[in-house]
Amino acid sequence: MGRSTQVGRARSGKPVAPRPRWASVTALVTTFALGFAVAFVTGSWTSGPDATQRRIAELQQDEARRDVEQVGALIELARGGRERLTPVLEAMAARTTPTVDDVRGWREVVSAEVQRYAETPSAGNGVNVARTGLRTAVEQLAAAVDGFAAAVTASPPLADELLGLAGAQRTLALRTWSVAALQLDVISIDAGKGHVHVYLPAGPDAGAIPADSAPEGSG
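Here it is in structure tokens:
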């Protein structure tokens, strides 16, 4: 009885096939992929878009602080330039022909002013525009001085022509400075420093932009 039962079980029972090796490999790969996905998602919370946005915000804040510092430095440079250049501009506007000594003194002042703009610190576009305008103005004024220097050593009628050209160059310098002064006024307000007026004395016929009526430091 026992024997027939064993035979019957042997005949009726189905052999158990061994588990294929590829199934184990597939399970391992699946587990690894799931782990990688979890690690990626977890890492995204700390180094994904949020972290990138924070870094961008930090860089923007650094640039804003840098520009505020540059605006302050440029205001002081322009104010000093206005004080140093005003006597030269007023002397150039005189109706009398300058002397060699006059022109030599103008050249010393203007050349030193040009050197003050030799370096261009890194800054935003607004600051760069203002600085470039001021630098171009003093370079034009230096060209005007060269014109006066040529005029005082020339004979009429060439001397008169050179004086006219030098005066025109002076006027262009005043116009360029006024544009830069307006830009400096705008970025000073944006930097929280209020209105700043560093315009040079130009006169009504120079075509330069006049200063507005807002009080200094307001806005």
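Take full-length UniProt numbering: the final residue in the sequence shown is number 219, and no numbers are missing along the way. Glycine included, each C-beta is placed from N, C-alpha and C at the ideal position. This structure is a prediction, so every number in the text was calculated from the model and none was measured.
{"Asked": "Looking at the structure shown, is residue 210 part of a helix, part of a strand, or coil, going by DSSP?", "Found": "coil"}
{"Asked": "Can you tell me whether residue 69 is helix, strand or coil according to DSSP?", "Found": "helix"}
{"Asked": "If the criterion is Cβ atoms closer than 9 angstroms, does the pair residue 174 and residue 130 meet it?", "Found": "no"}
{"Asked": "In chain order, which continuous runs of the alpha helix (DSSP H) of length 4 or greater are located wholly inside the region 94-150?", "Found": "100-116"}
{"Asked": "I need the DSSP call for residue 160, collapsed to helix, strand or coil.", "Found": "helix"}
{"Asked": "Buried or exposed for residue 188, please, with buried defined as at least 16 other CB atoms from any protein chain shown within 10 angstroms of its CB.", "Found": "buried"}
{"Asked": "What residue from 167, 142, 90, 78 has the CA that sits closest to residue 179's CA?", "Found": "78"}
{"Asked": "Within this structure, are the beta carbons of residue 70 and residue 127 separated by less than 9 angstroms?", "Found": "yes"}
{"Asked": "Can the beta-carbon of residue 211 be found closer than 9 angstroms to that of residue 190?", "Found": "no"}
{"Asked": "What does the alpha-carbon distance come out to for the pair residue 156 and residue 96?", "Found": "15 angstroms"}
{"Asked": "If I'm right that residue 166 touches residue 142 with Cβ under 8 angstroms, what's the distance once you round it to whole angstroms?", "Found": "The Cβ separation is near 11 angstroms, so there is no contact."}
{"Asked": "Which of helix, strand or coil does DSSP assign to residue 80?", "Found": "helix"}
{"Asked": "Which residue from 171, 65, 134 puts its Cα closest to that of residue 235?", "Found": "Past the boundaries of the shown model lies residue 235; the chain is included only from 1 to 219, so the question cannot be answered."}
{"Asked": "Pull up the distance between the alpha-carbon of residue 201 and that of residue 84, whole angstroms please.", "Found": "12 angstroms"}
{"Asked": "What do you reckon, are the CB atoms on residue 138 and residue 103 nearer than 9 angstroms?", "Found": "no"}
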